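Below is one structure; the comments refer to it alone.
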Amino acid sequence: MKDLSGAQTVIEAKGVGLVFETGDGPLQALKDISLTIERGEFVSFIGPSGCGKTTLLRAIAALEYPNEGTLTVNGMPPDKARQSRAYGYVFQAAGLYPWRTIAGNVQLPLEIMGFSRAERAERVARVLKLVDLDGFGKKFPWQLSGGMQQRASIARALAFDADILLMDEPFGALDEIVRDRLNEELLKLWAATSKTIGFVTHSIPEAVYLSTKIVVMSPRPGRITDVIESTLPRERPLDIRDSAEFLEIAHRVREGLRAGHAYD
Amino acid sequence: MIWAWGSLAFWALATALNVWLARAHSRNRAVRLFIPALFGATLLLVWEGLVRSLGVSPVILPPPSMIGVRIAESLPILWADFSQTILKGALSGYLIGCGVAVAVAVLIDRSPFLQRGLLPVGNFVAALPIVGIAPILVMWFGFDWQSKAAVVVVMVFFPVLVNMVAGLKATDALQRDQMATWSASYWQGLFKLRMPAAMPFLFNGLKIATTLALIGAIVAEFFGSPTRGMGFRISTAVGQLDLPLVWAEIAVAAFAGSAFYGLVAVIEKGVTFWHPSQRGRA
Amino acid sequence: MRSVLPILTVVLAIIVLWYGATVALNAQWTRDQAARAGVEVGFSEIVRDTLAQTRPKLPAPHQVAAELYQSTWVEEVFGRRGIVATGTLSNRSLIYHGWVTLSATMLGFAFGTGLGILLAIGIVHSRAMDMSFMPWAIASQTVPILAIAPMVIVVLASIGIKGLIPKAIIAAYLSFFPVLVGMVKGFRAPDAMQLDLLRTYSASRARTFWQLRLPSSVPYLFASLKVGIAAALVGTIVGELPAGASAGLGARLLSGSYYGQTIQIWAALLAAATLAAGLVVIVGAIERVVLGRMGMRS
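Chains as they are written, first to last, in the numbering used here: chain A, 18 to 281; chain B, 9 to 290; chain C, 8 to 305.
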């Protein structure tokens with residue numbers, strides 16, 4: 018277990034701006050983003066489409082490059098952090114390779130990173146258990162439900178033991194009931210691994226239920242309008258969503274989103 | 009006359025049976041095989057019946073029974089022709105042509121500039137009557153199977169190239185981003201992601217190429233060959249009006265073509281078992 | 008338009024390679040000639056000679072271009088038998104031979120396409136026809152039909168059918184299958200929801216065909232027409248190969264091959280390529296206009 022009390026900055030953004038060159042001229046996707054994420058936090062990014070939440074997550078993962086400001090991950094520039102395997106990334110779609118079994122998919126990043134055969138087998142077994150998929154290793158992705166596929170993709174992101182888990186609307190394509198169960202499992206996983214999680218969503222209940230910190234963003238240009246520190250306890254049963262505290266935080270998030278829209 | 013009426017009556021009966029089967033039992037696997045088989049048998053029988061009853065000269069159209077007898081009689085000739093044309097000419101050309109096409113596809117895959125330039129040219133060439141180069145290649149490589157293989161190489165190259173290049177581009181942005189988050193090298197991305205993803209496309213090209221390979225090998229023999237080979241035999245037997253032998257060669261060509269195609273299709277099924285088009289089938 | 012520069016580069020590279028190959032392939036003959044004459048030849052002389060031989064192993068691009076120009080424009084406009092002098096196409100010009108090939112191709116293509124579409128309609132509407140015929144239609148595509156084309160010509164000639172018709176039959180046969188298979192796919196392109204919608208209107212099968220299946224099949228039609236017309240042309244050319252055929256691009260190929268006239272072979276080949284490209288481009292242009300009118304962009 019890592020020390021959670023001694024606050025340690027994992028991701029730090031100072032005045033980050035990012036401009037896309039499009040056919041209709043430059044588009045300011047991110048403007049003046051400043052944010053600090055400590056080790057072990059669960060941070061949600063919420064906002065309407067086009068607010069830059071995905072772009073911000075991609076910039077942290079070095080899939081996009083900011084034009085201004087500084088962005089560091091573990092004190093390094095994002096590409097260096099990527100090469101040192103600082104994070105696992107979970108995309109909106111599971112993106113499993115249909116020609117590999119579930120176990121084969123989970124060990125794909127391990128093969129790329131050059132882990133030994135024995136170590137790969139050991140890690141695959143461990144993370145599949147963690148996401149409750151033990152026994153499904155020999156199945157192919159297309160033999161599994163959408164929820165199970167997404168769990169496998171989370172296992173894949175966990176397999177190489179990165180400290181940071183970046184998730185881009187990972188449950189967006191799933192139905193409400195499956196999503197509730199996966200949210201609950203994700204919290205358990207977070208408690209068990211003490212990873213730092215960056216989570217993009219456009220669902221207010223999901224953001225409030227999962228996060229220790231909620232970053233509210235608004236579009237044109239993409240910017241942060243509010244950062245809410247959650248007062249909910251770390252232990253969260255599903256019915257916490259009916260508590261007054263939960264509803265209050267949800268209300269504040271909604272207010273933040275509305276304030277962002279006032280510019281339109 | 010009995011042959012004519014008999015075969016036509018059989019035709020009517022078989023058609024009625026097929027219509028009934030198709031309507032009532034179309035889900036049954038055996039029936040699905042039986043219906044086309046019966047249709048094929050009917051065609052042969054009607055052919056036999058009409059040729060016999062109308063007294064069509066075997067110089068114009070021999071009946072299937074005569075062709076069957078001819079096949080049985082001339083097995084050594086047919087085998088010699090088969091090995092000359094199919095095994096030596098078509099197969100070696102096919103392997104070389106497809107291999108080179110895949111290698112070139114991987115090479116130009118790294119350069120978007122080359123892709124933008126080569127693909128339209130490749131598509132253009134794929135639509136051309138490439139068999140036309142047969143006389144030139146026969147002049148360059150001599151009458152034996154080497155020139156046939158050369159024609160086959162040129163014929164199969166472009167369809168396989170175009171399909172393979174398209175296949176290597178068939179991954180989506182999400183899959184490439186994934187590779188990036190793991191800091192995968194170019195070659196890792198190629199072998200772990202893009203090659204497997206390209207397989208359904210590649211096999212499309214490989215299947216088209218089987219037929220082209222046979223066409224190339226046979227047609228090239230019309231421009232000169234040693235005294236064996238299917239194209240040689242067809243053209244000389246036509247000259248001697250030995251139509252049963254011609255049809256026997258055609259039967260062998262048809263069989264070889266289907267078998268070659270079937271072999272590639274079986275390999276495809278093994279390699280791309282995961283593709284939606286292959287999954288549903290038993 | 009971004010592709011223009013890369014395409015030009017590739018074409019240029021092909022021409023450069025072609026010239027290089029011309030020198031390399033023809034050099035042996037030049038050296039043999041020089042050795043026989045007992046003279047030494049330098050590199051520049053070899054290059055000059057290899058690019059101007061009368062029966063080279065590989066003619067240089069400019070020789071082929073010159074031959075093309077000679078046997079089209081010059082032959083027809085200035086030639087003794089040209090269209091300007093006699094009012095009919097000269098039988099030495101590639102325009103004449105190309106026209107012979109083209110007319111057989113178009114006749115066969117029209118028949119093959121029509122038959123393919125009709126049969127596709129039958130197959131889509133009759134299960135029995137679908138199940139008995141389609142496996143054979145698909146299997147027949149794996150058979151090297153083209154290879155037996157010359158035989159068809161000879162057999163038909165022996166019962167007195169000569170000229171345009173036998174070649175057109177081969178062209179029709181070759182364009183028939185791509186169109187059939189493509190159109191069966193096209194007529195089945197509407198999804199279950201669209202078909203169910205028409206069923207809720209109690210639309211008849213005929214109406215479903217005209218208003219849903221036919222329009223949905225148009226993109227497939229053009230895709231298979233492009234394959235079909237190229238196949239028809241190849242079929243016609245191969246149909247012209249057997250000895251005895253005196254006209255057509257295939258006959259030019261064969262006579263060139265008999266007499267070792269490589270420049271003539273290449274010119275005929277290039278003419279065939281131009282014809283094929285032209286036909287595919289025309290079908291493509293019609294496709295763009297039709298699909299544009301129908302609101303579909305290809």
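C-beta: ideal position from N, C-alpha, C; glycine also. Here the structure is a predicted model, which is why all the values come from computation and not from measurement.
Contact set for C/Ser-147: own chain, Cβ-Cβ below 6 Å, skip 5 residues either direction
Here residue 147 of chain C refers to the residue found at position 140 of the third sequence. So the list is empty, once near-sequence residues are dropped.
Taking only the alpha-carbon atoms, compute the straight-line gap between C/Phe-85 and C/Arg-259 and give it to the nearest angstrom.
Here residue 85 of chain C refers to the residue found at position 78 when the third sequence is read from its first residue. Here residue 259 of chain C refers to the residue found at position 252 when the third sequence is read from its first residue. Annotation: C/Phe-85 to C/Arg-259 spans about 21 Å, alpha carbon to alpha carbon.
Simplified DSSP state of A/Phe-59, which is helix, strand or coil:
Your numbering for residue 59 of chain A matches position 42 in the first sequence. Reduced to three states, the DSSP call for A/Phe-59 is strand.
Chain B contacts from the stretch 246–261 of chain A (Cβ-Cβ distance under 9 Å)
Of all residues in the stretch 246–261 of chain A, none places a beta-carbon less than 9 Å from a beta-carbon of chain B.
Can you look up B/Trp-12 in the DSSP assignment and give me helix, strand or coil?
In the second sequence, counting from the first residue as 1, residue 12 of chain B sits at position 4. Per the sequence presented here, residue 12 of chain B reads as Ala, with Trp not at that position. Correct three-state label for B/Ala-12: helix.
I want to verify the contact list: residues of chain C whose CB lies under 8 Å from the CB of B/Arg-40, in sequence order.
Taking the first residue of the second sequence as 1, we reach residue 40 of chain B at position 32. Listed along the chain, the chain C residues whose CB falls inside 8 Å of the CB of B/Arg-40 are Met-138.
Same chain, Cβ closer than 6 Å to B/Pro-252, five either side skipped, listed in chain order:
Here residue 252 of chain B is taken as the residue at index 244 of the second sequence, counted from 1. Once the five neighbours on either side are set aside, the close Cβ partners of B/Pro-252 are Pro-70, Met-74, Ile-75 and Arg-78.
With a CB to CB cut of under 7 Å and the five nearest residues on each side skipped, what residues in its chain are close to A/Val-144?
Position 127 of the first sequence, counting from 1, holds the residue named residue 144 of chain A. For A/Val-144, where only same-chain residues beyond five positions count, the Cβ hits under 7 Å are Val-123, Ala-172, Leu-175 and Ala-176.
Based on the DSSP secondary-structure assignment, which residues constitute the bridge partners of A/Ala-30?
Stepping through the first sequence from its first residue, residue 30 of chain A is reached at position 13. Looking at the DSSP assignment, A/Ala-30 forms a beta bridge with A/Leu-52 and A/Leu-88.
Going by the DSSP bridge assignment, what does A/Asp-243 pair with across the sheet?
Indexing the first sequence from 1 puts residue 243 of chain A at position 226. In DSSP, A/Asp-243 forms a bridge with A/Val-233.
So with CB distances below 9 Å, who are the chain B contacts of A/Gln-100?
The count along the first sequence starts at 1 and reaches residue 100 of chain A at position 83. Going along chain B in sequence order, the residues near A/Gln-100 (Cβ under 9 Å) are Ser-191.
Grouping DSSP H, G and I as helix and E and B as strand, with all else coil, what is A/Gly-105?
Taking the first residue of the first sequence as position 1, residue 105 of chain A is located at position 88. Note: A/Gly-105 maps to strand in three-state DSSP.
Nearest to B/Thr-189 by alpha carbon, out of A/Gly-105, A/Ser-211 and A/Glu-136?
Walking along the second sequence from the start, residue 189 of chain B turns up at place 181. Cα-wise, what sits closest to B/Thr-189 is A/Gly-105.
Span of the alpha helix (DSSP H) around C/Ile-116
On the third sequence, residue 116 of chain C is found 109 positions in, with the first residue counted as 1. Residue identity check: residue 116 of chain C is Phe in the sequence provided, not Ile. Looking at the DSSP string, the run of the alpha helix (DSSP H) that includes C/Phe-116 is 101–132.
According to the neighbour-count rule (16 or more other Cβ atoms, all chains shown, within 10 Å of its Cβ), is C/Ser-305 buried or exposed?
Here the question's residue 305 of chain C lines up with position 298 in the third sequence. Residue placement at C/Ser-305 is flagged as unreliable, the pLDDT there being 49, under the threshold of 50; the coordinate-derived value follows with that caveat. Classification of C/Ser-305: exposed, given that the 10 Å Cβ count is below 16.
For a cutoff of 8 Å on Cβ pairs, would you count B/Ile-144 as touching chain C?
Taking the second sequence and counting its residues from 1, one reaches residue 144 of chain B at position 136. With 8 Å as the cut-off, B/Ile-144 counts as an interface residue toward chain C.
Residues in the stretch 275–294 of chain C having any Cβ partner in chain F nearer than 7 Å
Any reference to chain F falls outside this structure, whose protein chains are A, B and C.
B/Leu-182 touches chain A at which residues, Cβ-Cβ below 7 Å?
Here residue 182 of chain B corresponds to residue number 174 of the second sequence, with the count starting at 1. Within chain A, the residues near B/Leu-182 are Phe-108, Ala-110 and Gly-112.
Could you give the distance in angstroms between the alpha-carbon of C/Val-225 and the alpha-carbon of A/Ser-133?
Translated into the one-based positions of the third sequence, residue 225 of chain C becomes position 218. Translated into the one-based positions of the first sequence, residue 133 of chain A becomes position 116. Approximately 54 Å, taken between the alpha carbons.
Mark B/Leu-83 as exposed unless 16 or more other C-beta atoms lie within 10 angstroms of its C-beta, in which case mark it buried.
The residue given as residue 83 of chain B occupies position 75 in the second sequence. The residue is exposed, with fewer than 16 neighbouring Cβ atoms inside 10 Å.
Among A/Leu-206, A/Gly-112 and A/Leu-73, nearest to A/Lys-146 - alpha-carbon criterion
Locating residue 146 of chain A in the first sequence gives position 129, where the first residue counts as 1. The residue with the shortest Cα to Cα distance from A/Lys-146 is A/Leu-206.
So what does DSSP say about A/Ala-209, is it helix, strand or coil?
In the first sequence, the residue the question calls residue 209 of chain A occupies position 192. The DSSP-derived three-state label of A/Ala-209 is helix.
Would you say B/Ile-275 lies against chain A (beta-carbon separation less than 8 Å)?
The sequence position of residue 275 of chain B within the second sequence is 267, counting from 1. No, B/Ile-275 lies away from the interface with chain A (no Cβ there is under 8 Å from its Cβ).
Roughly how many whole angstroms lie between the Cα atoms of B/Ala-22 and B/Ser-155?
Here residue 22 of chain B refers to the residue found at position 14 of the second sequence. Here residue 155 of chain B refers to the residue found at position 147 of the second sequence. Cα to Cα, B/Ala-22 sits roughly 47 Å from B/Ser-155.
Would you kindly check if the distance between the Cβ of C/Asn-33 and the Cβ of C/Gln-70 is under 8 Å?
Along the third sequence, read from residue 1 onward, the residue named residue 70 of chain C stands at position 63. Along the third sequence, read from residue 1 onward, the residue named residue 33 of chain C stands at position 26. Contact flag unset, no.
So, using beta-carbon positions, are A/Leu-47 and A/Leu-73 closer together than 8 Å?
Counting from one through the first sequence, the residue named residue 47 of chain A turns up at place 30. Counting from one through the first sequence, the residue named residue 73 of chain A turns up at place 56. Against a cut-off of 8 Å, the Cβ pair of A/Leu-73 and A/Leu-47 comes out as a contact.
Alpha carbon of A/Leu-199 to alpha carbon of C/Tyr-208, nearest angstrom:
By 1-based counting over the first sequence, the position of residue 199 of chain A is 182. By 1-based counting over the third sequence, the position of residue 208 of chain C is 201. Taking the straight line joining both Cα atoms gives about 43 Å.
Please tell me whether C/Arg-99 has its Cβ less than 8 Å away from any Cβ of chain B.
Numbered from its first residue, the third sequence carries residue 99 of chain C at position 92. Contact of C/Arg-99 with chain B is not assigned, every C-beta pair being separated by 8 Å or more.
Between the Cα of A/Gly-154 and the Cα atoms of A/Asp-180, A/Ala-179, A/Leu-125 and A/Met-130, which residue gives the shortest distance?
As a first step, residue 154 of chain A must be located in the first sequence, where it is residue number 137. Nearest option by C-alpha distance: A/Leu-125.
Got a sec: which bits of the stretch 124–138 of chain B sit with their beta carbon under 7 Å from any beta carbon on chain C, in order along the chain?
Near chain C, meaning a CB-to-CB distance below 7 Å, the residues of the stretch 124–138 of chain B are Arg-124, Gly-125, Leu-126, Pro-128, Val-129, Phe-132, Ala-135, Leu-136 and Pro-137.
Classify C/Asn-98 as buried or exposed, calling it buried when 16 or more other Cβ atoms lie within 10 Å of its own Cβ.
Indexing the third sequence from 1 puts residue 98 of chain C at position 91. Label assigned to C/Asn-98: exposed.
Do B/Met-172 and B/Phe-209 come within 8 Å of each other at the CB atom, strictly closer than that value?
The sequence position of residue 209 of chain B within the second sequence is 201, counting from 1. The sequence position of residue 172 of chain B within the second sequence is 164, counting from 1. Yes, these two residues count as a Cβ contact at 8 Å.
Three or more C-beta pairs closer than 8 Å, one from the stretch 276–287 of chain C and one from the stretch 134–145 of chain B: is that the case here?
By the C-beta criterion, the stretch 276–287 of chain C is judged to be in contact with the stretch 134–145 of chain B, since at least 3 inter-stretch pairs fall below 8 Å.
Is it true that the CB of C/Gly-255 sits closer than 8 Å to the CB of C/Val-150?
The sequence position of residue 150 of chain C within the third sequence is 143, counting from 1. The sequence position of residue 255 of chain C within the third sequence is 248, counting from 1. No Cβ-Cβ contact shorter than 8 Å links C/Val-150 with C/Gly-255.
So is C/Leu-125 buried or exposed if we call it buried at 16+ other beta carbons inside 10 Å?
On the third sequence, residue 125 of chain C is found 118 positions in, with the first residue counted as 1. So C/Leu-125 ends up on the exposed side.
For the stretch 103–119 of chain C against the stretch 235–243 of chain C, are there 3 or more C-beta pairs whose distance is under 8 Å?
With a cut-off of 8 Å, the stretch 235–243 of chain C and the stretch 103–119 of chain C count as touching, because enough Cβ pairs lie within range.
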